[in-house]
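Protein chains in written order, with this note's numbering: chain A, 8 to 275; chain B, 64 to 683.
Spelled out as structure tokens, the structure:
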């Protein structure tokens, strides 16, 4: 509690935490909050500018932008958090193995990851998604695989400072299995690093979901999704800028909030 | 000692660290002075504030540290109110400092001689040629072999001891009025340490530099300094001429510190060590800070803070009962009667032709070669040698942490030449290890209970109820209580952590325990208690020890047999008394001569050497 209080002393951080919590609440409760159905079309009021009726205006099909943004928070957060969790789990395991076993295992793992990291995330992800077909599950798996190498490198270097400690030698002399040493002796000592990693990767992951949806490889219409909304609104940007600006602002608010939190976690 | 001759006068200095919301005073009300050409030693254990004091004098305190009271007068100027620019002029020019790690003081990309020559060019404005000549002269003075050739080499081409010589050369090149040495030989091998200490003594006769020598090793300080101050919990508890303090300590802490050292030449078969008891509670505020650990305490000590009383000719003691302490003399020696080593004719451990070669970057380094020896049940074998001699690699191969390239390890007639996890449970149970670093030996994220229970579950038969009982007995054996079970390692002191590690090793009733520098990271006052504990357990369980240590006094005290390693080879092996009293190998002889420095004896040269000799009382 004391720690939380000191964290909240910084106004920027407080704001970030509030934004994050706000989006989490909205993702769960949007059906109760949203004024309209996110896919309900009112073709008579297309491109309506923000008004008392439609706070953020309507889009090309007369759908309420605010309702779509509130509803869109759910897919972004589900895919983002699931992909990050999976990616960090894979990356942590690989990093632990590489650092603990060293030698050939290390070389093989790290060089393959280097290869994967040589390609821009979005390019390789879009190729894979084009082959597998866009679905929420595929999106999660692809983003997780793209995040894992970065996470593995950080975990590996964190583990390197622990693997030669005497308590690891004591565990080996006890006859402990590799899995026990990795997950019971080493892992608990790098929990701090993994927390920071998770938060930093979460921001990237949210960004990737939005980008891939924007490119059409992610969430498919008519499901409300922020990246997709930006893509759909783009042709009408001149006449109805709110259709693009509102979802873009939503993405930015979430990514920045998570980043601020990550920076603070890293500093502490 | 007229005030005019003071080079440094520290008066009522108090240094505080801001930690969390509060303030922690690391140095409290410390007053001392050093005359020109004089060497003063500051001795203290970890947490005594000795390093903080050294940094405070140079005003190098970390951001959360600040001087809250007092003055530091250097050559008539108070350094406390000075600004950054004035300070740096003094620091670079007239106060030089030599730290523990020489590698960090040298620029790795600059030739060794250049680094000294630069001092001459910057400070004396000398030309290139002349600066080079002076620098070569300095390299010669710090006794670096082939000063001319050494000038053009880079720091990585020198050994640790040689690097420290270069750093000392750099420090002396500016001809400082004050030289601060902060643990300058910690981390160096014993033989190298002896050479460096000799160098200091020799240089003192040539330079008029005042020296402040900060160390945890009271013996080293005695060899170099004519005056000494003893720090305890940030306070100077005793000061005076080295000889006086050593021969007639007037503060209970000094007396205990001197008594708890392993006396050179002593053996466990003749006497016990006299540990300084650990206090069971924190001292009262505004009372004597040593009171909880003191054998002389009276009710008054808990109510009043003692001043620094004159307790001898030049001696001062922060103890109300300094007269009683001085009169008491050293603590009575607890003689041990009728203890004899186990017979050497049986074999528990049989090592034959062990060899290990490390390959790095295409080069082969022979860590251990052709190592053969046997160890009988119930005997203690001490393995000595400098860093890089292969003693640790040898131990790790025996322990199953390293696979030998050739040779065999047999334990109780079973071949165990393989990694630990491929050995039988019986073999793993029979061989345990106690490691060097107390803070690395226990997993910081596990509780003591988890650590000990895991060991028992993996290696000892029996059910849960049995284990809880064993756990209680184990803790009692290492003098810890049930209150230590549910804490994590960082809540324990170094000595307590090492006790847990010892309990872990003995939980399986091992036949052989490998002790890798078990006390080298501990304070002297803790060391004696741990060594006594190891001896008691060894006797009770009739275990064998393979003791690796660079501290020859410790090895001499504990070991029945000695094995000397040099560059991967066993150069001498025999009963301890024989090896120590009549070493056959030339390397062993060199190693043994170095130990005398630790005892606070000898060091040739220097105008006032004789006065400083203080061998006698430490041996008592």
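For each residue, glycine too, the CB sits at the ideal point set by N, CA and C.
- Taken through DSSP and simplified to helix, strand or coil, residue 643/B comes out as helix.
- A distance below 8 angstroms separates the beta carbons of residue 265/A and residue 206/A.
- Counted as a single uninterrupted DSSP element, the beta strand (DSSP E) harbouring residue 433/B occupies residues 426-438.
- The contact set of residue 507/B on chain A, defined by CB atoms closer than 7 angstroms, consists of 196 in chain order.
- As the crow flies, the alpha-carbon of residue 621/B is around 6 angstroms from that of residue 330/B.
- Counting along the chain, residue 636/B sits inside the beta strand (DSSP E) bounded by residues 632-638.
- Ranked by Cα distance from residue 541/B, the first of 584/B, 601/B, 521/B and 486/B is 601/B.
- Taking a 10 Å sphere around the C-beta of residue 217/A, we find 16 or more other C-beta atoms and assign the residue as buried.
- Per DSSP, residue 224/A lies in no beta strand (DSSP E) and is assigned neither H nor E.
- For residue 190/A, not one C-beta of chain B is nearer than 8 angstroms to its own C-beta.
- Residue pairing by DSSP places residue 74/B opposite 134/B in a beta bridge.
- Counting only unbroken stretches of 4 or more residues, the alpha helix (DSSP H) elements lying wholly within the segment 152-184 of chain B are 165-168, in sequence order.
- A check of alpha carbon separations from residue 360/B across 374/B, 342/B, 239/B and 636/B identifies 342/B as the nearest.
- Within chain A, 173, 176 and 177 have C-beta atoms less than 8 angstroms from the C-beta of residue 498/B, given in sequence order.
- Residue pairing by DSSP places residue 85/B opposite 82/B in a beta bridge.
- Taking each of 67/A, 106/A, 190/A and 151/A in turn and checking the Cα distance to residue 171/A, the smallest one comes out for 106/A.
- The alpha-carbon of residue 152/A is positioned some 13 angstroms away from that of residue 209/A.
- By the C-beta density criterion, residue 137/A is exposed, having fewer than 16 other C-beta atoms within 10 angstroms.
- In the three-state DSSP reduction, residue 305/B falls in the helix class (H, G or I).
- Residue state for residue 166/A is assigned as helix, using DSSP reduced to three classes.
- When DSSP reads this structure, residue 299/B sits in a beta bridge with 294/B.
- Here the segment 232-249 of chain B lies against the segment 189-204 of chain B, with 3 or more beta-carbon pairs under 8 angstroms apart.
- A residue is called buried once 16 or more other Cβ atoms fall within 10 Å of its Cβ, and residue 51/A, having fewer, is exposed.
- Proximity of residue 503/B to chain A, defined by a Cβ-Cβ separation below 8 angstroms, is satisfied.
- With a threshold of 8 angstroms between beta carbons, residue 180/A makes contact with chain B.
- Annotation for residue 174/A: no beta strand (DSSP E) segment contains it, though the alpha helix (DSSP H) segment containing it runs 173-181.
- Residue 345/B and residue 267/B have their C-alpha atoms spaced approximately 41 angstroms apart.
- Residue contact with chain B for residue 114/A: absent (no Cβ-Cβ distance below 8 angstroms to any residue of chain B).
- For a Cβ distance threshold of 8 angstroms, residue set 484 and 521 of chain B lies close to residue 183/A, ordered along the chain.
- Between residue 98/A and the set 164/A, 221/A, 41/A and 64/A, the nearest pair of CA atoms involves 164/A.
- About 7 angstroms separates the Cβ atoms of residue 241/B and residue 137/B, confirming a contact at the 8 angstroms cut-off.
- Between the segment 595-609 of chain B and the segment 574-586 of chain B, the count of C-beta pairs closer than 8 angstroms reaches three or more; the two stretches touch.
- Closer than 9 angstroms at the C-beta level to chain A, one finds these residues of the segment 463-475 of chain B: 463 and 464.
- Of the other Cβ atoms in all chains shown, fewer than 16 fall within 10 Å of the Cβ of residue 525/B; this residue is therefore exposed.
- Taken atom to atom, the span from the alpha-carbon of residue 245/A to that of residue 232/A is near 21 angstroms.
- Beta-carbon to beta-carbon, residue 115/B and residue 82/B are separated by about 13 angstroms, too far to satisfy the 8 angstroms threshold.
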